[in-house]
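Here the structure is laid out as structure tokens; the discussion comes afterwards.
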Amino acid sequence: MKLVSRTTGQEVTPGSTVHMQSGPAVGRAWRFEHIVERPDGNHHVHVTRVSGKLGRVPRQFHPDVFGCEITIDITWRRSVRNAAHHAWTKVDDYLLAGAFALVPLAFFEQYHLAETITSSLGFGGH
Numbered sequence: 091m092k093l094v095s096r097t098t099g100q101e102v103t104p105g106s107t108v109h110m111q112s113g114p115a116v117g118r119a120w121r122f123e124h125i126v127e128r129p130d131g132n133h134h135v136h137v138t139r140v141s142g143k144l145g146r147v148p149r150q151f152h153p154d155v156f157g158c159e160i161t162i163d164i165t166w167r168r169s170v171r172n173a174a175h176h177a178w179t180k181v182d183d184y185l186l187a188g189a190f191a192l193v194p195l196a197f198f199e200q201y202h203l204a205e206t207i208t209s210s211l212g213f214g215g216h
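The sequence shown begins at 91 in our numbering and counts up one residue at a time.
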């Protein structure tokens with residue numbers, strides 16, 4: 091995720107200063123820290139500013155307040171890598187489940203009528 095300025099089209103890096111462009115405190119300077127994803131799916135900008143006795147005061151605002159927007163960039167390589175990882179995880183799980191399913195079958199064949207089954211099918215060799 092990137093914070094991109096609408097006026098310049100450039101990415102705003104963490105630690106840089108952003109100025110409010112709307113709201114009651116137009117022009118107030120804040121330091122951009124990081125992007126926060128809210129539980130409702132919206133993204134907000136986590137910013138801080140110096141305040142006399144309190145030190146740095148943290149706040150979270152919608153990116154529109156600073157004249158910015160959040161872009162989510164997923165490259166095709168990352169998408170393919172995620173799909174391959176997901177597919178391999180499923181295959182690995184099913185192979186492990188198959189191995190565990192063969193264990194009871196092996197015990198059954200060893201202890202319950204294994205000689206009778208193999209001799210009736212003609213695999214006995216005697």
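We treat Cβ as the ideally placed atom computed from N, Cα and C, and that holds for glycine.
At what residues does the beta strand (DSSP E) containing residue i begin and finish?
| i | result |
| --- | --- |
| LYS92 | 92-95 |
| ARG118 | Counting along the chain, ARG118 falls outside any beta strand (DSSP E), and DSSP gives it neither H nor E. |
| GLN219 | The structure shown does not extend to residue 219, since the chain is modelled only from 91 to 216, so the question has no answer here. |
| THR161 | 158-161 |
| SER106 | Note, SER106: premise wrong, no beta strand (DSSP E); not H, not E. |
| VAL137 | 133-141 |
Whole angstroms is fine: what's the gap from residue i's alpha carbon to residue j's?
| i | j | result |
| --- | --- | --- |
| LYS92 | LYS180 | 32 angstroms |
| ALA61 | ASP163 | Outside the displayed range of the chain (91 to 216) lies residue 61, so it cannot be described from this structure. |
| ALA115 | GLU123 | 19 angstroms |
| VAL108 | SER95 | 9 angstroms |
| VAL135 | HIS152 | 6 angstroms |
| LEU195 | TRP178 | 26 angstroms |
| GLY99 | GLY131 | 24 angstroms |
| LEU185 | SER169 | 24 angstroms |
| ASP182 | ALA189 | 11 angstroms |
| LEU192 | PRO104 | 54 angstroms |
| GLY117 | GLU159 | 18 angstroms |
| ASP154 | SER112 | 8 angstroms |
| GLY110 | ARG149 | For the record, residue 110 in the displayed sequence is Met; it is not Gly. Whole-angstrom Cα-Cα distance: 13 angstroms. |
| VAL102 | ALA187 | 48 angstroms |
Decide if the region 161-181 is in contact with the region 136-149; the criterion is three or more beta carbon pairs, one per stretch, under 8 angstroms apart.
-> No: the two stretches stay apart, fewer than three of their Cβ pairs being nearer than 8 angstroms.
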